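Each remark here refers to the structure printed beneath this line.
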Amino acid sequence: MMKSAHTATIFITLILISLLVSKSTGNARSEIIQQRCDDQLEADPSIFVQNFIRIMEIAGTQIRSSHNSTASVGVEPNKNIGLAQCYADLSQQDCILCYAQIRTVFPTCFPRSGGRIYLDGCFMRIQNYSFYDEYTGPNDTTICGNATRKSNVFRESTRRAVVNAVTGALRNNDYFGREEMLASGSNDSVYVMAECWKTLSPSSCRACLENASASIAKCLPWSEGRVLNTGCFVRYSDTDFLNPLPASSSSSNKDNGRIIAIVVSVVSSVVVLTVALMIILYIKRRSYIMKRRRGSYDAEKMAKILNDSSLNFKYSTVEKATGYWDESNKLGQGGFGTVYKGVLPDGREIAVKRLYLNNKFRAADFYNEVNMISRVEHKNLVRLLGCSCSGPESILIYEYLPNMSLDLFVFDKIKGRELSWEKRFEIIIGIAEGLVYLHENTHNRIIHRDIKASNILLDLRLRPKIADFGLARSFQGDKSHISTAIAGTLGYMAPEYLAHGQLTEKADVYSFGVLILEVVTGMENNRSKTTEYTDSLPSTAWKHFKQGTVEEIFDPNLMMHTYPNNDFQKDAIKVVHVGLLCTQEAQSLRPSMSRALKMLAKDDEPLPAPSNPPFVDEKTMELNNITHRLLNNGDDDDSSSVATVSHSHFYPR
């Protein structure tokens, strides 16, 4: 609890600093161009906040004498990496001002595990992994100003100016290039800037700028364009945005005054909130100590049970099976560790989940997963073969499933062709049967809490198995719900759980509804909220369902298979119908998993009309409720759980 109060107070500090300071700067080059916060929520917010503050301190010191900063803070698995850089045409004072602004914006990403922010004059990125030589990625963005269409003369001038600026950047040691092409007597002048982050290698910088050059050409003939790549920035405009010379001394004095004003505001707010923190820590110290003692006892007890059980593997055996953690055997990586393929001495292939357990959050998830999955057995649940907790990391050993996870098929245009409608329907039914078993056929009801495509593994015949029970919770049948700290994946969490932490089986039903909509459409719910498509996948499906145009959102790969009399369309529409019933806003209206399974499996099962899915402003609710929960829910039985979103590949977390 002391850690929760500490995290909450620092979180409020960060937000108040943002509010205090954001009004203190008015420099044109500190305009926010784009802010991208990661989907993943930080597993240990307290450590992350400490790392974040340290990165900001290091960057603040380095920026005073240089235009860029790099920082690595913490130790694995709680390491955070930071990069800050001002564009080379900024004076040193303008650079300091731009950084002062960007450090007030970044706290609004909390409690996300990182993000990147582009201002008009500087850039900053923080992640929980090393990204210094990354130059492209899925979040690369092209922004075209569409106010004015320009002439062919401007178009050709822009192309030449971009080439010249990029060439200059590649020739200069500071990776910066600029170009001005002035057209006398017309409005066809063009101004271009190109710059790589200084952490890139020359070859990566070249690749990034070449990619950006091709992307920015698509903005023509519009009067302005920007490319915000992972490793570089390119901009052109018909307006002169380039800074000519450093500011005058009088301007510098004025800027220094503004910087001092910012620092005073920040320091004052931190002092006030530090006093508040001390009060909170004093009030809640007793409950925190008791909870910590109880948790330590439970962990020690579980560790002893595991060491004495048949599930226990020697660490040396597992290490040898994976080729001593050879990179070629790496299947994927997530927020909780890395998954490797291994071969035991008897020839059995295994999947080894290598976890880093130096804090109570992840240790609790490890013991929870072992305790949970070792007691259940079903054809649609991944089988736990054993574990090891005697080495430097804790290990989970699962059966190896060669086809990896469902998301690699459903969301891939090429591999998605392997999934005919019959196969997709079998996968949906298998997942439903696995959830029915968890909810109704175990001694205590088990709620998975993280049903999503990457947590559904596929065997050789593409039969589904539900995996990753680290966040699962069980509770006895006489309880209507349990109150718990929020954990799961944004986009798949039921609204009542996201807002209030009230957990029932209907949370899994909601996640299942989102998942089967993804299987039918081939669209990922978490990727549908872009500037072009602002609706969630359930909302999109709901609109088409009302209009009678559901077939328009079917995965195009389904049309590649021939089906007699288009029977698959009727079945697919029924699956969408059931998906909408499962994602209804009111949990009382959602069917149980056994009822949903019956609706899917039986042709004559009547289907009620669905009501509209929820509209949830997840970012707002996340910020408001995490603050409230950390400060006020001191008696939460599950306070060690932290909302977490994984971005694993091939195998879950």
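The sequence shown lines up with residues -26 to -1, 1 to 627 when you count with mature numbering (1 follows the signal peptide of the UniProt record, and there is no 0). We put the CB at the ideal spot given by N, CA and C, even for glycine. Given the structure is predicted, the values throughout are model-derived calculations rather than measurements.
By DSSP, does Ile6 sit in helix, in strand, or in coil? Numbered from 1 along the sequence shown, position 32 holds the residue referred to as residue 6. In the structure shown, Ile6 sits in a strand (DSSP, three-state: E or B).
Counting only C-beta atoms, is Thr495 closer than 8 Å to chain D at any point? In the structure shown, chain D does not exist; there is a single protein chain.
Residues in the same chain with beta-carbon distance under 6 Å from Ile117, minus the five sequence neighbours each way, listed in chain order, please. Numbered from its first residue, the sequence shown carries residue 117 at position 143. The residues are Arg200.
Would you grab the beta carbon distance between Gly89 and Asp12 for me? Rounded to a whole angstrom, and I think it's under 8 Å. Your numbering for residue 89 matches position 115 in the sequence shown. Your numbering for residue 12 matches position 38 in the sequence shown. Confirmed, about 5 Å.
Inter-stretch contact (C-beta, 8 Å, three-pair minimum) for the region 125 to 136 and the region 14 to 28: The region 14 to 28 and the region 125 to 136 do not touch, with fewer than three beta-carbon pairs separated by less than 8 Å.
From Met534, Leu436, Glu525, pick the residue whose C-alpha is nearest to that of Met378; which is it? Position 404 of the sequence shown, counting from 1, holds the residue named residue 378. Cα-wise, what sits closest to Met378 is Leu436.
Inter-stretch contact (C-beta, 8 Å, three-pair minimum) for the region 151 to 169 and the region 50 to 64: Two segments are said to touch when three or more pairs of C-beta atoms, one from each, lie closer than 8 Å; by this definition the region 151 to 169 touches the region 50 to 64.
Measuring only the C-alpha atoms, how far is Gln564 from Leu393? Sequence index remark: in the sequence shown, residue 564 carries index 590 (1-based). Sequence index remark: in the sequence shown, residue 393 carries index 419 (1-based). Sequence inspection shows Arg at residue 564; the Gln mentioned does not correspond to that position. Going from the Cα of Arg564 to the Cα of Leu393 covers about 28 Å.
How should Thr49 be labelled, buried or exposed, when 16 other C-beta atoms within 10 angstroms of its C-beta is the threshold for buried? Stepping through the sequence shown from its first residue, residue 49 is reached at position 75. Residue identity check: residue 49 is Val in the sequence provided, not Thr. By the C-beta density criterion, Val49 is exposed, having fewer than 16 other C-beta atoms within 10 angstroms.
Start-end ranges of the alpha helix (DSSP H) lying completely within the region 171 to 205, minimum 4 residues: DSSP runs (the alpha helix (DSSP H)) wholly in the region 171 to 205: 176 to 190.
Complete runs of the beta strand (DSSP E) confined to the region 98 to 145 [at least 3 residues]: Counting only runs of 3 or more, we get 115 to 123.
Rounded to a whole number of angstroms, what is the C-alpha to C-alpha distance between Val344 and Glu5? Residue numbering aside, residue 344 sits at position 370 when the sequence shown is read from its first letter. Residue numbering aside, residue 5 sits at position 31 when the sequence shown is read from its first letter. Going by the C-alpha atoms only, they are around 49 Å apart.
Is the Cβ-Cβ distance between Thr495 and Asp545 less than 8 Å? To locate residue 495, count along the sequence shown from 1; it is residue 521. To locate residue 545, count along the sequence shown from 1; it is residue 571. No, the Cβ-Cβ distance between Thr495 and Asp545 is not below 8 Å.
Burial state of Ser362, where buried means 16 or more other Cβ atoms lie within 10 Å: Indexing the sequence shown from 1 puts residue 362 at position 388. By the neighbour-count rule (16 or more Cβ atoms within 10 Å), Ser362 is buried.
Closest to Pro438 by CA distance: which of Gly404, Glu470, Asp107, Asn415 is it? The residue labelled residue 438 in the question sits at position 464 within the sequence shown. Checked all of Gly404, Glu470, Asp107, Asn415; the closest Cα to Pro438 is Gly404.
Expected contact under 8 Å - CB spacing of Tyr73 and Ile37 to nearest Å: Along the sequence shown, one-based indexing puts residue 73 at 99. Along the sequence shown, one-based indexing puts residue 37 at 63. 5 Å between Cβ atoms; contact.
Report buried or exposed for Thr35, applying the criterion of at least 16 other Cβ atoms within 10 angstroms of its Cβ. Here residue 35 refers to the residue found at position 61 of the sequence shown. Burial call: exposed.
Run the CB neighbour count on Lys426, radius 10 Å, all protein chains shown included, and call it buried at 16 or more, exposed below. Here residue 426 corresponds to residue number 452 of the sequence shown, with the count starting at 1. Only buried fits Lys426, as 16 or more other CB atoms lie within 10 angstroms of its CB.
Please give the ranges of any beta strand (DSSP E) in the region 361 to 440, keeping only runs that are unbroken, at least 3 residues long and fully inside the region. List check, beta strand (DSSP E) in window: 368 to 373, 419 to 421, 430 to 432, 438 to 440.
Need the endpoints of the beta strand (DSSP E) that Lys327 sits in, please. By 1-based counting over the sequence shown, the position of residue 327 is 353. Note, Lys327: beta strand (DSSP E), 323 to 329.
Between the Cα of Gly465 and those of Glu498, Leu477, Asp433, spot the shortest distance and give me the residue it belongs to. Residue mapping note: residue 465 aligns to position 491 of the sequence shown, counting from 1. If we check each option's Cα against that of Gly465, Glu498 comes out closest.
How many angstroms separate the CA atom of Lys211 from the CA atom of Gly151? The residue labelled residue 211 in the question sits at position 237 within the sequence shown. The residue labelled residue 151 in the question sits at position 177 within the sequence shown. Reading off the sequence, residue 211 comes out as Ser, not Lys. Each residue's alpha carbon lies about 15 Å from the other.
One question on the structure: do Gly321 and Asn303 come within less than 8 Å of each other, judged by their Cβ atoms? For this step, residue 321 is matched to residue 347 along the sequence shown. For this step, residue 303 is matched to residue 329 along the sequence shown. No, the Cβ-Cβ distance between Gly321 and Asn303 is not below 8 Å.
Going along the chain, which residues of its own chain have a beta-carbon closer than 8 Å to the beta-carbon of Asp433, five neighbours each way excluded? Within the sequence shown, residue 433 is the residue found at index 459, counting from 1. Residues Leu375, Pro376, Asn377, Lys439 of the same chain have their beta carbon placed closer than 8 Å to that of Asp433, with the five preceding and five following residues left out of the count.
If Gln543 and Glu525 are in contact, beta carbons under 8 Å, what's the gap, nearest whole angstrom? What you label residue 543 is simply residue 569 of the sequence shown in a count that begins at 1. What you label residue 525 is simply residue 551 of the sequence shown in a count that begins at 1. That pair is a contact at about 6 Å.
Using alpha carbons as the reference points, say which of Cys96, Ser87, Asp578, Phe84 lies closest to Asp68. Mapped onto the sequence shown, residue 68 falls at position 94. Nearest to Asp68 by alpha-carbon distance, out of Cys96, Ser87, Asp578, Phe84, is Cys96.
Looking at the structure shown, is Lys572 part of a helix, part of a strand, or coil, going by DSSP? The sequence position of residue 572 within the sequence shown is 598, counting from 1. DSSP, read as helix, strand or coil, puts Lys572 in helix.
Can you check whether the CB of Arg99 is closer than 8 Å to the CB of Leu57? Stepping through the sequence shown from its first residue, residue 57 is reached at position 83. Stepping through the sequence shown from its first residue, residue 99 is reached at position 125. Yes, the pair counts as a contact, with Cβ atoms nearer than the cut-off.
Assign Ile388 to buried or exposed, taking buried as 16 or more other Cβ atoms, counted over all protein chains shown, within 10 Å of its Cβ. Here residue 388 is taken as the residue at index 414 of the sequence shown, counted from 1. Result: exposed.
For Glu169, name the three-state secondary structure that DSSP assigns. The sequence position of residue 169 within the sequence shown is 195, counting from 1. Reduced to three states, the DSSP call for Glu169 is strand.
In this structure, does DSSP put Ala157 in helix, strand or coil? In the sequence shown, counting from the first residue as 1, residue 157 sits at position 183. In this structure, Ala157 counts as coil in the three-state DSSP scheme.
Let me know if Arg145 comes out buried or exposed under the rule of 16 or more other beta-carbons within 10 Å of its beta-carbon. Start at 1 with the first residue of the sequence shown, and residue 145 comes out as number 171. With fewer than 16 other beta carbons inside 10 angstroms of its own, Arg145 counts as exposed.
Kindly indicate the opening and closing residues of the alpha helix (DSSP H) around Leu511. In the sequence shown, the residue the question calls residue 511 occupies position 537. Looking at the DSSP string, the run of the alpha helix (DSSP H) that includes Leu511 is 511 to 521.
DSSP bridge partner residues for Phe207 (one or two, in chain order): Your numbering for residue 207 matches position 233 in the sequence shown. Residue pairing by DSSP places Phe207 opposite Glu169, Leu202 in a beta bridge.
Find out if the Cβ-Cβ distance for the pair Ile402, Glu479 is shorter than 8 Å. Translated into the one-based positions of the sequence shown, residue 402 becomes position 428. Translated into the one-based positions of the sequence shown, residue 479 becomes position 505. For the 8 Å CB-CB criterion, Ile402 and Glu479 do not form a contact.
Just reading off the beta strand (DSSP E) that Ile527 is part of, what are its end residues? Taking the sequence shown and counting its residues from 1, the one referred to as residue 527 is at position 553. Annotation for Ile527: no beta strand (DSSP E) segment contains it, and DSSP assigns it neither H nor E.
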